[in-house]
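Student: Please find one structure pasted underneath; my questions will follow.
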Amino acid sequence: MFYREAGHFRDNYQADMALFPIREDRIGVSLLLFAAFVAVPLLHLARIGPFSGDYLFNAILIPVLILSVAAIGLNVLVGYCGQISLGAGAFMGIGAYAAYNIAVRVPGMPLIGTFLLAGGVAAVAGVLFGIPSLRIKGLYLAVATLAAQFFFDWCFLRLGWVTNYTPSGSVSAPALVVFGWEADKPVERYLLVLTIAAAVAWGIANLVRGNIGRQWMATRDMDIAAEIIGIRPVEAKLTAFAVSSFILGLAGALWAFANLRSWEPYAFSIDRSFQLLFIVIIGGLGSIVGCFLGAAFIWLLPLVVEAVPRWLSIPISADAAANLTLAAFGVLILLTLIYEPHGLARVWSITKHKLRRWPFPY
Amino acid sequence: MAVFDPVKVAFFVEVLVSGLLSGILYALVALGFVLIFKASGVFNFAQGAMVLVAGLALVRTLNWLEAHLPFWLALLLALSFAGALMTGIAWAVERFVLRKLVNQTALALFMATIGITFVLEGLGQQIFGAQVYKLDIGLPRDNIFALESLFDGGILLNTLDLWSALLAAAIVGALAFFFQWTRTGRALRAVADDHSAAQSVGIPLTRVWFIVWVVAGLVAIAAAAVWGSKVGVQFSLVYVALKALPVIIVGGLTSVPGAILGGLLIGAGEKLAEVYLGPSLGGGIEHWFAYVVALVVLLVRPQGLFGDRIIERI
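Chains H and B, in that order, give the protein sequences.
My numbering numbers the first residue of the first sequence as 1 and each following residue consecutively.
My numbering numbers the first residue of the second sequence as 1 and each following residue consecutively.
And the structure:
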């Protein structure tokens with residue numbers, strides 16, 4: 001009723017290959033982009049409702065968008081190519097520290113160039129630590145990526161030149177200047193992050209439906225069959241590691257520069273890796289929409305769990321709140337795995353299905 | 001000029017022994033991993049949280065009961081309470097999580113154990129408190145000097161470490177007996193070998209999973225008692241679980257002796273590396289040394305030292 005696939009007649013290949021072949025999807029995505037790029041900043045300027053202060057941008061929108069970018073990066077590896085990684089946080093860290101070093105050591109480097117180079121450095125590290133995937137897979141590979149996580153944690157902490165010999169080990173990001181425009185207000189940083197997130201989502205959505213993405217998915221589904229139809233597993237896996245680490249590095253640079261502003265090595269510890277893995281699993285393996293939904297869910301969940309006792313005006317100590325948040329988080333993860341193992345992306349496609357059928361039962 | 005400077009040799013042996021003794025503790029945690037992996041194919045990330053909960057339950061009930069009862073009775077009661085709690089956790093895990101996740105991928109089961117970890121950490125600290133608790137289960141903890149005739153001044157050893165080594169040996173012996181000679185042990189091995197074949201000869205899978213989680217829980221109590229007497233019961237016990245991952249990779253995922261030997265190798269290796277290579281690399285390398293060893297083992301011999309060759313060719 002609201003949504004239909006029939007009646008769209010395409011008469012050229014370009015229309016057939018379009019990213020959103022259905023008109024309703026195109027309208028929906030345009031509306032969403034309009035709301036994110038134009039309406040939200042305007043509402044902020046007009047000081048309307050929750051958009052008036054900086055809280056919404058600093059505490060919710062910017063982190064969720066950056067985590068979505070990181071989750072897209074991890075999803076390339078785990079969801080599309082089927083290689084489990086527990087080292088996502090380390091690759092974000094590599095991006096962050098690479099960006100910091102480039103910004104400190106190469107004056108005059110434009111911000112976008114810094115971010116791209118940081119992604120490149122992370123990609124090189126990703127390929128290096130992806131080499132074991134040519135011999136092992138599954139949970140064994142997870143332990144190999146765990147090695148990357150702990151090794152780089154140690155590098156950030158102990159190698160002086162990584163932090164430019166800062167005595168405390170905590171470093172601060174330089175000003176964010178893009179083509180002469182300084183993004184220092186939260187809403188401006190939000191626009192910068194949003195632009196990059198949209199570009200990454202668009203790029204990866206196109207990449208995974210092209211040749212390389214199909215190679216990844218074939219490798220994921222059955223590596224021997226993929227090899228027999230002429231896909232080189234070495235190339236497929238290493239490109240997945242490279243692309244995934246590039247995006248994770250980019251997200252790490254954003255997390256450090258646009259979200260934290262000054263950070264310590266702990267920001268990219270194993271907890272971050274698990275958080276990203278949860279986003280990808282709960283959002284839905286092999287889905288770009290799922291990354292955004294999963295990031296929003298994982299980020300908002302602790303905020304809600306903490307807020308509930310406050311709304312019900314139950315006095316609760318900070319320690320108890322932290323413990324209960326942890327336990328509630330675990331329970332929700334278990335419930336998601338048990339009742340919707342395909343993640344929020346499946347919920348979204350069921351919703352679309354319902355919209356298509358409504359008001360008829362089937 | 002002596003090639004074997006006795007002082008240096010004594011120092012080397014001291015480092016080696018202290019490494020081996022912490023290796024025993026890694027091995028105790030790794031044992032829990034191996035047991036569950038063997039029987040259900042689940043990579044149990046929650047083992048560290050189980051050690052934490054077991055330790056907290058043990059130390060809190062012991063401290064509370066000590067005031068009212070003679071020490072041995074209090075210890076016995078505290079141990080039985082911790083055992084009952086771990087049995088309850090095993091039942092809940094099997095009933096509410098594993099049974100619902102039958103036929104899911106290994107990744108989903110692994111993520112589920114991370115979820116269990118969060119629940120155990122959150123509830124455990126909420127119920128039993130989140131401070132560092134000193135645990136004293138009556139083991140002697142004097143320093144002794146061994147081999148004084150061989151080296152000047154002998155080698156410094158802690159009796160607590162020797163007792164924990166004995167405890168670990170006893171547990172391994174008991175487990176070996178249990179797996180080899182009892183009816184339940186045979187059922188566990190059959191399930192580990194082939195789920196559907198075991199089911200078709202009438203072995204109840206769900207009960208086997210329950211038993212194996214109980215056994216892993218009891219091993220967690222032993223690990224918690226030993227670790228707790230050494231460093232106190234505290235949240236950092238959870239991170240020992242992460243150390244157990246390289247241990248089982250080195251030893252082989254499916255081998256109980258492998259877990260023990262892997263633990264010893266990793267424990268000794270990382271202490272020696274820290275003392276002899278650490279200064280030239282800036283220190284702190286024991287945090288990643290074990291993982292790099294595991295990485296090398298994975299590349300050279302993916303099944304580990306004693307594991308079954310289950311890795312398919314890629």
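Cβ atoms here follow ideal geometry from the backbone N, Cα and C, with glycine treated the same way.
These numbers were taken from a predicted model, which means no experiment stands behind them.
Measure the CB-CB distance between Ile231(H) and Gln215(H) and report whether it falls below 8 Å.
Tutor: For Ile231(H) and Gln215(H), yes; Cβs fall inside 8 Å.
Student: To the nearest whole angstrom, what separates the beta carbons of Ala253(H) and Phe115(H), a pair I think is in contact under 8 Å?
Tutor: Correct: roughly 5 Å between the Cβ atoms.
Student: If we call anything under 8 Å between Cβ atoms a contact, is Leu167(B) one with Val256(B)?
Tutor: Contact flag unset, no.
Student: For the alpha helix (DSSP H) that contains Glu94(B), what are its first and last residues?
Tutor: No alpha helix (DSSP H) holds Glu94(B); DSSP gives it neither H nor E.
Student: Would you report the Cα separation of Val215(B) and Val191(B), rounded to the nearest angstrom?
Tutor: Distance between the alpha carbons of Val215(B) and Val191(B) is about 15 Å.
Student: Under DSSP, the alpha helix (DSSP H) around Ala197(H) begins and ends at which residues?
Tutor: Unbroken alpha helix (DSSP H) run through Ala197(H): Pro186 to Val208.
Student: Hey, quick one: how far does the alpha helix (DSSP H) through Thr117(B) stretch, first residue to last?
Tutor: From DSSP, the alpha helix (DSSP H) with Thr117(B) extends over Ala106 to Phe128.
Student: What is the rounded straight-line gap between the Cα of Arg313(B) and the Cα of Gly252(B)?
Tutor: Residue confidence is low: Arg313(B) scores 49 on pLDDT, short of 50, so the model does not pin down where it sits. No coordinate-derived value is stated.
Student: Ordered along the chain, which non-local residues of its own chain (more than five positions away) have a Cβ less than 7 Å from that of Ala259(B)?
Tutor: Contacts found: Ala27, Ala30, Leu31, Val34, Val247, Ile248 and Gly251.
Student: What's the call for Met92(H), buried or exposed, on a 16-neighbour Cβ count within 10 Å?
Tutor: Label assigned to Met92(H): buried.
Student: The region 33 to 52 of chain H: which residues have C-beta closer than 9 Å to a C-beta of chain B, in chain order?
Tutor: Taking 9 Å as the Cβ-Cβ cut-off against chain B, none of the residues of the region 33 to 52 of chain H qualify.
Student: In the DSSP assignment, the alpha helix (DSSP H) including Gln215(H) goes from what residue to what residue?
Tutor: It spans Asn211 to Asp221 - the alpha helix (DSSP H) in which Gln215(H) sits, taken as one unbroken run.
Student: Counting only Cβ pairs nearer than 7 Å, list the residues of chain B close to Asp319(H).
Tutor: Near Asp319(H) (Cβ distances below 7 Å), the residues of chain B are Ala130.
Student: Using the Cα positions of Gly108(H) and Ala99(H), report the straight-line distance between them to the nearest angstrom.
Tutor: Distance between the alpha carbons of Gly108(H) and Ala99(H): 13 Å.
Student: Which first and last residues belong to the alpha helix (DSSP H) in which Pro6(B) is found?
Tutor: Where Pro6(B) is concerned, the enclosing alpha helix (DSSP H) stretches over Pro6 to Ser40.
Student: What's the C-alpha gap between Ile298(H) and Val104(H)?
Tutor: Cα to Cα, Ile298(H) sits roughly 33 Å from Val104(H).
Student: Can you find a CB in chain B that lies within less than 8 Å of the CB of Trp161(H)?
Tutor: No, its Cβ sits nowhere closer than 8 Å to a Cβ of chain B.
Student: Could you check whether the Cβ of Ile36(B) sits closer than 8 Å to any Cβ belonging to chain H?
Tutor: Not closer than 8 Å to any Cβ of chain H, the Cβ of Ile36(B) fails to qualify, so no.
Student: So the candidates are Ile285(B), Gly262(B), Lys271(B) and Ala290(B); which of them puts its Cα closest to the Cα of Gln303(B)?
Tutor: The shortest C-alpha separation from Gln303(B) is found at Gly262(B).
Student: I'd like the list of long-range same chain contacts for Lys38(B), defined as Cβ closer than 7 Å, with 5 residues on each side in sequence excluded.
Tutor: Correct list, in chain order: Ala192 and Thr254.
Student: Given that Ile60(H) touches chain B, what residues does it touch there, using C-beta distances under 8 Å?
Tutor: Result: empty, since nearest Cβ-Cβ is about 22 Å, beyond 8 Å.
Student: Do the CB positions of Gly284(H) and His342(H) come within less than 8 Å of each other?
Tutor: Contact flag set, yes.
Student: Take Pro21(H) and list the residues in its own chain whose beta-carbon comes closer than 8 Å to its own, dropping the five residues that flank it on each side.
Tutor: These residues qualify, in order along the chain: His8, Arg10 and Ala15.
Student: Check whether the Cβ of Leu56(B) lies closer than 8 Å to any Cβ atom in chain H.
Tutor: False, the Cβ-Cβ gap to chain H never drops below 8 Å.
Student: Could you tell me whether the Cβ atoms of Leu276(H) and Ala70(H) are closer together than 8 Å?
Tutor: Cβ atoms of Leu276(H) and Ala70(H): closer than 8 Å.
Student: What is the residue span of the alpha helix (DSSP H) that Pro233(H) lies within?
Tutor: Residues Pro233 to Leu254.
Student: What residues in the region 63 to 94 of chain B bring their beta carbon closer than 8 Å to a beta carbon of chain H?
Tutor: Per Cβ criterion, the list is empty.
Student: For Ile212(H), collect the residues of the same chain with a Cβ closer than 7 Å to its Cβ; drop the 5 residues on either side in sequence, then sort them by chain order.
Tutor: Within the same chain, Ile212(H) has close Cβ partners Thr239.
Student: Pick from Arg301(B), Val59(B) and Pro204(B): whose alpha carbon is nearest that of Ala78(B)?
Tutor: Taking only the C-alpha atoms, the option nearest Ala78(B) is Val59(B).
Student: In the structure shown, what three-state DSSP assignment does Val102(B) receive?
Tutor: Here Val102(B) sits in coil by DSSP.
Student: Determine whether the beta carbon atoms of Ser244(H) and Gly126(H) lie at a separation below 8 Å.
Tutor: Cβ atoms of Ser244(H) and Gly126(H): closer than 8 Å.
Student: I'd like to know whether the C-beta atoms of Leu98(B) and Ser40(B) end up nearer to each other than 8 Å.
Tutor: Taking 8 Å as the Cβ cut-off, Leu98(B) and Ser40(B) qualify as a contacting pair.
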